[in-house]
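Inspection log for the structure reproduced underneath, given as structure tokens.
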Amino acid sequence: MRILLTGSAGFIGGAIARQLAEAGDEVVPVDVMLPMAHGSADAPPGTHRVDVRDAEQWGDLLRGVDVVCHQAALVGAGVKVSDLPDYAAHNDLGTAALLSAMHGAEVDRLVVASSMVVYGEGRYACPDHGDQVPAPRSREALDAGDFDNHCPVCAGPLGWELVDETARLDPRSTYAASKVAQEHYTSAWVRQADAAAIALRYHNVYGPGMPRDTPYSGVAAMFRSSLERGQAPQVYEDGGQMRDFVHVDDVARANVAAIRAVAGERGGHYAAYNVASGHPVAIREVAEQVAAGTGRDLAPEVTGGYRLGDVRHIVASPERARAGLGFSARVRPEDGLRAFATAPLRR
């Protein structure tokens with residue numbers, strides 16, 4: 001199979017490329033090489049440099065392609081309001097331009113990288129009033145150290161539940177809004193072009209090759225970079241935020257499974273799947289596991305700080321990916337995070 005892979009020089013794209021090559025697939029590697037993601041690194045040999053926002057640049061790259069695996073995106077929560085145009089340009093316009101070029105080249109199968117951030121807050125239940133949708137946490141409550149969500153009926157504490165792919169989309173950050181837009185452009189293209197696509201909603205991805213010490217990187221890499229400087233990892237809120245951390249090798253396996261699945265689908269098919277380890281972990285525990293892997297005696301510092309774009313808990317159900325793609329993660333966070341403590345990062 002001939003697969004065009006955007007974002008091929010990134011740490012997720014690189015893992016996907018390796019697994020596809022091992023399976024004997026032909027990979028057309030494409031990247032933008034944004035400095036905030038790649039630092040000063042050069043594109044690997046054979047990688048095509050394009051501006052994903054310009055449909056005309058795709059040219060002959062799409063010729064003979066069976067499936068496009070679209071990983072190129074600006075990631076992170078968005079550090080400042082002035083980031084908004086960059087996210088809209090690279091993630092939204094870039095995806096729209098790619099879809100337009102694919103239609104012109106008669107390529108109609110796509111796997112697109114999405115994210116769990118499209119859900120906003122996770123799923124919550126009150127012991128007395130069942131499932132509830134909490135309002136966004138107020139700045140006043142966060143300033144007072146009240147980080148939990150409360151039942152809108154009785155104001156009691158809400159417990160977290162697993163989120164499946166039928167949950168409503170409620171983006172709470174710049175990045176999240178751009179990922180929702182990517183999914184909507186993709187689903188519209190599926191209908192208009194009689195195409196087929198799968199969106200993979202990654203949870204917190206970590207592993208070798210992550211960008212080093214940048215606010216646009218993952219929290220596990222930021223903890224790791226602090227430890228390398230001899231500093232305790234800084235943990236926001238009270239550290240009790242629940243997340244799912246999934247290893248990059250498992251994410252690559254999910255993409256290979258999705259590529260195989262979408263290649264055999266009929267036109268008009270669109271599906272979204274959570275890509276998660278299935279083993280929830282608190283953010284404070286993530287910092288502790290990474291610290292344990294370094295061998296440094298640096299306990300995480302729980303700061304009580306917060307970011308307005310963050311949500312309290314977001315933990316995925318992996319069941320639909322297991323049933324629809326035959327995918328289950330192999331690396332448990334307690335093993336992968338300790339190993340990640342000494343894995344090479346991108347400079």
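Residues 1 to 347 in UniProt numbering are what the sequence shown spells out, letter by letter. Beta carbons are placed, not taken as given, at the ideal position from N, Cα and C, and that holds for glycine.
Cβ-based neighbour list, residue i, same chain, cut-off 8 Å, excluding 5 preceding and 5 following
i           : result
residue 98  : 6, 52, 55, 58, 68 and 70
residue 177 : 87 and 171
residue 39  : In this prediction, residue 39 scores a pLDDT of 46, lower than 50, which makes its location untrustworthy; no coordinate-derived value is stated.
residue 342 : 293 and 294
Under the three-state DSSP convention, the category residue i falls into
i           : result
residue 56  : helix
residue 180 : helix
residue 331 : coil
residue 197 : strand
residue 110 : strand
residue 96  : helix
residue 211 : strand
residue 22  : helix
residue 346 : strand
residue 105 : coil
residue 173 : coil
residue 87  : helix
residue 364 : As displayed, the chain neither begins before 1 nor continues past 347, which places residue 364 out of reach and without an answer.
residue 144 : coil
residue 341 : coil
residue 36  : Here the model assigns residue 36 a pLDDT of 49, short of 50, so the residue's position is not dependable, and the following value carries that caveat. The answer is helix: DSSP assigns residue 36 an H, G or I state.
residue 81  : helix
residue 222 : helix
residue 65  : coil
residue 76  : coil
Residues bridged to residue i (per DSSP)
i           : result
residue 6   : 30 and 70
residue 396 : For the chain, the structure presents residues 1 to 347; residue 396 sits outside this window and is missing.
residue 48  : 30
residue 115 : 202
residue 301 : 234
residue 163 : 316
Sequence-distant residues of the same chain with beta carbon closer than 6 Å to residue i, five excluded per side
i           : result
residue 142 : 306
residue 223 : 233, 287 and 290
residue 65  : 2, 4 and 107
residue 276 : 203, 244, 246, 316 and 318
residue 280 : 242, 244 and 315
Whole-Å CB distance - residue i paired with residue j, under 8 Å assumed
i           : j           : result
residue 233 : residue 346 : Their Cβ separation, rounded to whole angstroms, is 19 Å, which puts residue 233 and residue 346 out of contact at 8 Å.
residue 96  : residue 198 : Contact flag wrong, Cβ pair sits at about 18 Å.
residue 194 : residue 268 : 6 Å
Cutoff 7 Å; reference residue i; Cβ partners in own chain excluding five residues on either side
i           : result
residue 62  : 4, 101, 102, 105 and 107
residue 205 : 12, 218, 246, 248 and 251
residue 313 : 122, 160, 241 and 242
residue 334 : 289
### 3-residue-minimum beta strand (DSSP E) runs that sit fully inside the region 228-289, ordered along the chain
Within the region 228-289, the complete beta strand (DSSP E) runs of at least 3 residues are 245-247 and 269-275.
### Query
Along the chain, which unbroken stretches of the beta strand (DSSP E) at least 3 residues long are found entirely within the region 117-142?
List check, beta strand (DSSP E) in window: 123-126 and 130-132.
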